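Residue numbers (my numbering), protein chains in the order written: chain Z, 1 to 274; chain B, 275 to 506. We put the beta carbon where it would ideally sit given N, CA and C, even for glycine. It should be emphasised that the depicted structure is a prediction, and the values quoted were computed from it without experimental measurement.
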Amino acid sequence: MSSDLLLSVRNAGKQFMQGQRPRWACRGVSFDLYPGEVLAVVGESGSGKSTLLRLLASRLACDEGSVFYDLREEAGNGVAASRGASGLVDLAGLSEARLRWLARTDWGFVEQHARDGLRMNVSGGANIGERMMALGARHYGKLRGEALSWMERVELDVDRIDDLPGTYSGGMQQRLQIARNLVTHPRLVFMDEPTTGLDVSVQARLLDLLRELVDQLHLAAVIVTHDLAVARLLAHRMLVMKDGCVVEQGLTDRVLDDPQHPYTQLLVSSVLTP
Amino acid sequence: MTSVLETSELSKTFTLHARGGLALPVFSGISLSVSPGECLALTGHSGSGKSSLLRCLYGNYAASSGEVRIRHQDQWLSLSAAAPREVLDVRRRTLGYVSQFLRVIPRVSTLDIVAEPLRRLGVAADEARAQAAQWLARLNLHERLWHLPPATFSGGEQQRVNIAHGLIANHPVLLLDEPTASLDADNRRVVVELIHAARARGAAVVGIFHDDEVREAVASRCLDVEHYRKSN
């Protein structure tokens, strides 16, 4: 069964200089992710979870360890350069251009602040169309049709297709960002606090949407969140980080209902349940 | 009949790190086995660890020592040692669970909640909803509630949603945590009939039944969890 691994992380670590001293932002992280699996990374600010996400998505290079990804079914079907027997390739060995291609087709990255993930100077529809154009789509009617269908899918008013994202509400921008990422049918989506900063009712709607899309599209996802309720609702598995290290990982409901590590126990018992 | 669910020397102790590593022993040394068509009732006073045992059998609580094994896709699998995605696959295909409390998902209708286990098995949406409707009707949940999220339902209504959700996929092994606790006599009777039907189709059932009458009606044998109580 290990042959259908999508992402494999081995002993990954990243060091930053703090003052004159090097400090490990995260270190010794290992896990495997399978197609369709949703993993939540939880921990307080500064625990290294966002750094880890950037390592996984090759936005930062590992100082230690490796991130392997299965290139076999890569969208657009580029020629696999350094394919291993299992199809897993060390991302550190891929060219910049190749990584950019992966990021634009087979991966998605949903930023906490939608503005960071959207192009604010082009219309909502053009934001959705951009990744399809990267895959070679040029037919205006088709691009527009696809953009409309994705707007419907993420519950955006299709009459707003020609409006700039800046005129959208925060919740709408986040849904637009999701549509923009999913239009190329990526196999893996990274999400950095996708619901933080939204009103509670908007959050619920977005979570429900994400849950459905992940299910329907059989997406694998790594979701960084400090909200345990988000993890419970969306994730199959959890990874708990503290001071750059993974202190506990396992099935989501097991980690939340029967936490083993002192830090996880503290985290779970600190949540107010209305 | 060969068993489909077993434990050997299963123990559970909670360690409270915020209390200086205080150990709260729950039970130890439980070895049980359940065969198709059987219903094993867990008995003992409240606080004796019945629900904790049931949660260990579901993989929701980690076993402190010992093992939980289940027949899954014609093979034995150690549930207590399985990877998360294996546990989830067991829950999808083999192991159903009716908890005491319904975990409500915002915005999702009752009908879709009940249909979800079938959807996860690949049943088409319309068919899954049609079956969900049958289960809800069988459990006397008024049709006007089907399209609402169950957040505002009464305890008894939520419990019936929970039962329909837990039974709809006809899993070979069922765990029932007080399925009749907040039901009136009529609905208790329906649930007893449903458990009989599950046993008749060959399901192995482990349950906690607070109500003596219900327990006597559905259980084929009992296990007193008090006997496995760990002393401090």
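Compare the C-alpha of Z:Gly28 against each of Z:Ala229, Z:Gln15, Z:Ala137 and Z:Met133 and name the closest.
Z:Gln15
Simplified DSSP state of B:Lys504, which is helix, strand or coil
coil
Could you tell me which uninterrupted beta strand (DSSP E) segments, each at least 3 residues in length, are contained entirely in the stretch 169 to 240 of chain Z, listed from first to last along the chain?
188 to 192 and 220 to 224
What residue does the alpha helix (DSSP H) around B:His439 start on, and which one ends it?
Gly429 to Leu441
When the Cα atoms are used, what is the spatial distance from B:Arg586 to B:Gly311?
Outside the displayed range of chain B (275 to 506) lies residue 586 of chain B, so it cannot be described from this structure.
Applying the 10 Å Cβ sphere with the 16-neighbour rule, what's the burial state of B:Arg418?
exposed
Grab me the residues of Z:Asp157's own chain with a C-beta within less than 7 Å of its C-beta, minus the 5 sequence neighbours each way, in chain order.
none
How about B:Leu328 and B:Leu449: are their beta carbons less than 7 Å apart?
yes
Does DSSP put B:Trp409 in a helix, in a strand, or in coil?
helix
Kindly list the residues whose CB is nearer than 6 Å to the CB of B:Arg434, restricted to its own chain and excluding five residues on each side of it in sequence; keep chain order.
Leu413 and Leu415
For B:Arg473 and Z:Val224, the rounded distance between their alpha carbons
43 Å
Is Z:Val89 buried or exposed, if buried means 16 or more other CB atoms sit within 10 Å of its CB?
buried
Return yes when the Cβ of Z:Ala12 is within less than 7 Å of the Cβ of Z:Gly48, no when it is not.
no
Anything in the stretch 432 to 448 of chain B with a Cβ closer than 9 Å to a Cβ of chain Z? List those residues in chain order, please.
none
Exposure label - Z:Tyr168; buried when at least 16 CB within 10 Å
buried
If I follow the unbroken beta strand (DSSP E) through B:Asn461, where does it start and stop?
That residue, B:Asn461, is in no beta strand (DSSP E); its alpha helix (DSSP H) goes Ala459 to Ala474.
Compute the Euclidean distance between the alpha carbons of B:Glu360 and Z:Thr252, then round it to the nearest angstrom.
13 Å
Test item: CB-CB of B:Lys324 and B:Phe301 under 7 Å
no
Can you name, in chain order, every residue of its own chain whose Cβ lies under 6 Å from the Cβ of Z:Leu55, other than the five neighbours on each side?
Ala12, Lys14 and Cys62
Where Z:Arg153 and B:Ala407 are concerned, what is the direct C-alpha to C-alpha distance, given to the nearest angstrom?
26 Å
Cβ pair B:Leu316, B:Val464 closer than 7 Å
no
Below 6 Å CB to CB, which residues in the same chain sit around B:Ser494 once its five sequence neighbours on both sides are set aside?
Glu312 and Cys313
Answer yes if the stretch 210 to 221 of chain Z comes into contact with the stretch 173 to 189 of chain Z, meaning at least three C-beta pairs across the two stretches below 8 Å, and no otherwise.
yes
Spatial neighbours of Z:Ser123 within its chain, please: CB distance less than 7 Å, with the 5 preceding and 5 following residues excluded, ordered by chain position.
Ile161, Asp162, Asp163 and Leu164
Rounded to the nearest angstrom, how far is the Cβ of Z:Leu53 from that of Z:Val38, given a contact under 8 Å?
No, Z:Leu53 and Z:Val38 are not in contact; Cβ-Cβ is about 14 Å, not under 8 Å.
Could you tell me the boundaries of the beta strand (DSSP E) in which Z:Asn275 lies?
What is shown of chain Z runs 1 to 274, which leaves residue 275 of chain Z out entirely.
Using a Cβ cut-off of 8 Å, pull out every chain Z residue sitting near B:Ile560, in sequence order please.
There is simply no residue 560 of chain B to check, as chain B begins at 275 and stops at 506 in what is shown.
Does B:Val372 have its Cβ less than 7 Å from a Cβ in chain Z?
no
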